[in-house]
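Quick note, in the working numbering, the sequence shown goes up one by one and the last residue is 802. Everything below concerns the one structure shown next.
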Amino acid sequence: MSNMSSSAIERHYLSVVSELAVDLVSMNRVEQILWHVAKNVVAELGFDDVVIYLFDPQTQVLNQVAAYGNKNPHEDDILEPIEVPLGEGVVGHVALTKQPLLIPDTRNYPAYIIDDEIRLSELAVPIIADSQLIGVIDSESPTVNFYNQDQLRILVAIASMVATQVSKIRSVTELQKAVDELEYSSKIQDCLFEIAELIFKTDSLPAFYQRLHTCIGKLTFAENFYIAILDKDKSELTVTYCVDEMYESEENEVIAYDRHKPSITGYVIASEQSLLLFEEDIERLIDEEAIYILGDLPKAWLGVPFGDGEIQGIVAVQSYTDGYAFDQKDQKLLTFVAKHIHNAIERMQSKSDLQFMALHDPLTHLPNRLLFIDRVEHAITATKRHVDRSIAILFLDLDRFKQVNDTYGHHIGDELLVGISHRISSCLREVDTLCRLGGDEFAILLENITDEADVETIANKIIFAVQQTVLLHDFRINISTSIGITFYKQGLISSEVLLVQADKAMYQAKLHGRNQIYYFQQQDQNDLQVSYKIEHDFLVALEKRQLFLEFQPIVDLQSGIIISGEGLIRWSHPERGLIPPNEFLLEIQRAGLLHQLDLYVLQRAIDFLGCWLDELPSGFRLSINISGAGFTAPALLDRLQLLYQESPHLLQALCIEITEQTTVDNVEQTQNMIKRLGLMGIEVALDDFGTGYSSLSYIHQLTFDTLKIDRSFVKNVEEGKYNQTILETIISLSRSLNIKTVGEGVETAEQYQLLAQLGCQRGQGYFMSKPVSAGNFIHLIKNKVNYLGCANVSKAV
6 MSNMSSSAIE RHYLSVVSEL AVDLVSMNRV EQILWHVAKN VVAELGFDDV VIYLFDPQTQ
66 VLNQVAAYGN KNPHEDDILE PIEVPLGEGV VGHVALTKQP LLIPDTRNYP AYIIDDEIRL
126 SELAVPIIAD SQLIGVIDSE SPTVNFYNQD QLRILVAIAS MVATQVSKIR SVTELQKAVD
186 ELEYSSKIQD CLFEIAELIF KTDSLPAFYQ RLHTCIGKLT FAENFYIAIL DKDKSELTVT
246 YCVDEMYESE ENEVIAYDRH KPSITGYVIA SEQSLLLFEE DIERLIDEEA IYILGDLPKA
306 WLGVPFGDGE IQGIVAVQSY TDGYAFDQKD QKLLTFVAKH IHNAIERMQS KSDLQFMALH
366 DPLTHLPNRL LFIDRVEHAI TATKRHVDRS IAILFLDLDR FKQVNDTYGH HIGDELLVGI
426 SHRISSCLRE VDTLCRLGGD EFAILLENIT DEADVETIAN KIIFAVQQTV LLHDFRINIS
486 TSIGITFYKQ GLISSEVLLV QADKAMYQAK LHGRNQIYYF QQQDQNDLQV SYKIEHDFLV
546 ALEKRQLFLE FQPIVDLQSG IIISGEGLIR WSHPERGLIP PNEFLLEIQR AGLLHQLDLY
606 VLQRAIDFLG CWLDELPSGF RLSINISGAG FTAPALLDRL QLLYQESPHL LQALCIEITE
666 QTTVDNVEQT QNMIKRLGLM GIEVALDDFG TGYSSLSYIH QLTFDTLKID RSFVKNVEEG
726 KYNQTILETI ISLSRSLNIK TVGEGVETAE QYQLLAQLGC QRGQGYFMSK PVSAGNFIHL
786 IKNKVNYLGC ANVSKAV
């Protein structure tokens, strides 16, 4: 290499290091790595020889394990290998100090140790991982001043790469040794990997249990195998999976859990200890009336309990012949695997809960819009095959439900919704489907209708059931419902059209006095059903700027300070006073005027930012809500591009919130719009996540900046581990996608604390602040109001 230029040498060194990085990936043995480095890597650096030492912590010596040059006469042999005590010679000194050493002339280094022959210069670097000595790479040359700083640097880099891979291999080796103590290391490892994979490869718990049984059968005798789960009340055991040659178990058979005289399964769960019993042991326990047995008496029985808290259960195997008797190794093995079974079942149940969540309303657990539409489509298909049958869609809206929320609070409103959903369900047949669309709106699918009069009978039952007085927390609440009804007529009509027809009919029921039924009329198809007065007043309000924004703080849950805010539209009507959004948005939507409201809200937000941006904290974003149709409409993009030309810095403080429905209806258009907004510095948030349209699958496709978790999730987070697990899964998914999370509807200190503990970054709700005027919002920021102390104090109290 002496004939090469310095730049050529540098390129060569880089090439050697790059090739080593690639080669190391496929190497899984320490000896393989060290011989490869000696013969194929260091040799390429132009060195005369190299010897690689490994350090033995027990003997405190360094052993020669790989070499190149005179010390390596052939193959993977080392000529007369020596041991170097720690601290002796060049190699021992480098190992002791963990620092590289370059000796230009060994004659001037008294501690130099002669190996096979005297050499005049030496370069040695330590192999270190996590501050722990692994070994030393040592090279000697018969030439004085042979080594330079570039060679030192490249050898240090090589040693670092070797250290990383050797450390990784040793970690794996140590783990393997631990598993080897159970004598089934490879099978256990395969089984654990398979159990972990089952979570992702199976779609249901029954399928998971079946695959799990196959997996356990690879480790021990499992011809007779079952899993039982203890219910939350700790009163019953459910045999969720059972394969037994002597006992035919019913699907999800329930066994009473009696601590005083339990089954053998309950006995082990109560003891919280694994148990290996043989026939004589079982007979003794039966005689002592300590347990009882279902089915035939086994020759050997092994059960291992797992879990604690909300999930407790047992995995058991048994043998009815003398052909196989379980032993202590099987007991240790199944105990070890049971821990992983518990984790897998817990995750599978969380996965099942997430799947349920994707298709059901989190508050009432009724089917959501997505599942409802799917069932309507199937019903339409079935009706086409049976022309003598029809289907009906009922659209229900609770009358003056907002007054309940305003008077008694949202928690009472939520309980009322759950209670009303039960009343409605009691009026339906098993074949029918009740769905919560959101808020106080429900939809019903009635199938196999042969007489349309039956539909009216059911609807009248619902009206009667709903209007009965409800007693909640000593409050007597009276409410009613308006119902719109439409029938499927043979022809080209979709489920969405049927739902719209029923919605319009419901609106007519309200216009005619509420608490009644109204059938959809075909002549109403193109009637938008909007009050002319509301439409006229709204257009006047836009012109006279009667609509204004109130601002609700968004708080960093870790620090407790306000970092962003949401602008919420309000209407100051000259005659009716302050009109909340829920009383005019539906009318505006029906009139097709939402796009005008979108542009108005945008301009008011820009006006606020233009006035107060200098007073707002660094990184502040003002969120505003834009309708689904307005988000992808050209008018919004045109207005934003114009604003970007005038005041680009203001748009960089803007965040646009869209709903899940927007993403489901226009995935491609939504993604395109998000990209365009990003180029202007505008962030996009997915609002009210989890309210029914399940855009969980779209989060991977759409590059949202923020995920706003619906208040129903926040409310339920205090109710148990499952709810927390679901919420934690959503937060973890968002974090992995670099999406910020905001918990909406934070109303208590406990909710604040739990959200913060689960990793949710931000919170918004009445616990911190109600929506306030622009002046009061700026006042909160200027006074640096901190809500963290409030949460801690409230929780302590």
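The beta carbon of each residue, even a glycine, is placed where N, CA and C say it ideally should be.
DSSP-derived helix/strand/coil call for residue i
{"i": "Lys509", "result": "helix"}
{"i": "Tyr152", "result": "coil"}
{"i": "Lys44", "result": "helix"}
{"i": "Ser11", "result": "helix"}
{"i": "Ser20", "result": "helix"}
{"i": "Cys432", "result": "coil"}
{"i": "Thr219", "result": "helix"}
{"i": "Asn348", "result": "helix"}
{"i": "Asn410", "result": "helix"}
{"i": "Leu763", "result": "coil"}
{"i": "Leu67", "result": "strand"}
{"i": "Thr637", "result": "coil"}
{"i": "Leu554", "result": "strand"}
{"i": "Gly94", "result": "helix"}
{"i": "Gly300", "result": "coil"}
{"i": "Gly328", "result": "coil"}
{"i": "Pro608", "result": "Correcting the residue type first, residue 608 is Gln in the shown sequence and not Pro. Reduced to three states, the DSSP call for Gln608 is helix."}
{"i": "Phe60", "result": "strand"}
{"i": "Asn453", "result": "strand"}
Buried versus exposed, by CB contacts within 10 Å (16 or more), residue i
{"i": "Tyr698", "result": "Reliability fails at Tyr698, whose pLDDT of 47 lies under 50, so the model's placement of it is uncertain and no value is given."}
{"i": "Gln650", "result": "exposed"}
{"i": "Ser144", "result": "buried"}
{"i": "Cys616", "result": "exposed"}
{"i": "Pro62", "result": "exposed"}
{"i": "Thr64", "result": "exposed"}
{"i": "Asp643", "result": "exposed"}
{"i": "Gln769", "result": "buried"}
{"i": "Ile378", "result": "buried"}
{"i": "Leu67", "result": "buried"}
{"i": "Gly780", "result": "exposed"}
Chain-order list of residues whose beta-carbon lies under 7 Å from that of residue i (same chain, five-residue window excluded)
{"i": "Glu461", "result": "Ile522"}
{"i": "Val423", "result": "Leu368, Thr369"}
{"i": "Tyr605", "result": "Leu547, Leu552"}
Beta-carbon contacts of residue i that lie in its chain and below 6 Å, excluding the five residues immediately before and after
{"i": "Gln609", "result": "It should be pointed out that residue 609 corresponds to Arg in this sequence rather than to Gln. Leu554, listed in sequence order."}
{"i": "His347", "result": "Phe311, Gly312"}
{"i": "Ala116", "result": "Gly94"}
{"i": "Gly92", "result": "Leu101"}
{"i": "Met685", "result": "Tyr649, Leu656"}
{"i": "Asn531", "result": "For Asn531, the pLDDT reaches just 49, beneath the cut-off of 50, and the residue's location in the model is therefore unreliable, leaving the point undetermined."}
Other residues of its chain near residue i: CB distance less than 8 Å, five sequence neighbours each side excluded
{"i": "Arg112", "result": "Leu125"}
{"i": "Gln674", "result": "Thr637"}
{"i": "His578", "result": "Asp542, Ala546, Gln551, Ile584"}
{"i": "Glu294", "result": "Lys266"}
Bridge partner(s) assigned by DSSP for residue i
{"i": "Cys660", "result": "Ser628, Glu688"}
{"i": "Asn791", "result": "Ile566"}
{"i": "Phe492", "result": "Ala397"}
{"i": "Tyr73", "result": "Val55"}
{"i": "Leu138", "result": "Ile133"}
{"i": "Pro367", "result": "Pro367 pairs with nothing; no bridge assigned."}
{"i": "Tyr524", "result": "Ile490"}
{"i": "Gly318", "result": "Ile234, Phe311"}
message: Below 8 Å, how does it come out for the segment 707 to 719 and the segment 732 to 745: are there three or more Cβ pairs, yes or no?
response: yes
query: Between the segment 550 to 567 and the segment 767 to 784, are three or more C-beta pairs nearer than 8 Å?
result: yes
- prompt: Counting pairs of beta carbons, one from the segment 479 to 491 and one from the segment 395 to 406, are three or more of them closer than 8 Å?
  reply: yes
- prompt: So does the segment 636 to 647 actually touch the segment 597 to 605, counting three or more Cβ pairs closer than 8 Å?
  reply: Contact between the segment 636 to 647 and the segment 597 to 605 is present, with at least three C-beta pairs closer than 8 Å.
- prompt: Would you say the segment 246 to 260 touches the segment 372 to 381, given that touching needs at least three Cβ pairs under 8 Å?
  reply: no
field: Segment contact, 8 Å Cβ cut-off, at least three pairs: the segment 325 to 338 with the segment 351 to 371
entry: In short, these stretches do not touch, since the Cβ pair count stays below three.
- prompt: For the segment 499 to 517 against the segment 458 to 472, are there 3 or more C-beta pairs whose distance is under 8 Å?
  reply: no
query: Three or more C-beta pairs closer than 8 Å, one from the segment 224 to 241 and one from the segment 283 to 291: is that the case here?
result: no
- prompt: Are the segment 69 to 86 and the segment 147 to 164 touching by the rule of at least three beta carbon pairs closer than 8 Å?
  reply: Flag = no, the segment 69 to 86 and the segment 147 to 164 do not touch.
message: Can you confirm whether the segment 206 to 222 touches the segment 298 to 312 when touching is taken to mean that 3 or more C-beta pairs between the two stretches lie within less than 8 Å?
response: no
task: Please confirm if the segment 266 to 273 is in contact with the segment 193 to 203, defined as three or more CB-CB distances below 8 Å between the two stretches.
output: no
query: Are the segment 133 to 150 and the segment 98 to 107 touching by the rule of at least three beta carbon pairs closer than 8 Å?
result: Counting C-beta pairs with one atom in each stretch, the segment 133 to 150 and the segment 98 to 107 have three or more that are closer than 8 Å, which means they touch.
task: Determine, using beta-carbon pairs with one atom in the segment 747 to 757 and one in the segment 445 to 452, whether at least three such pairs fall under 8 Å.
output: Short answer: they don't touch.
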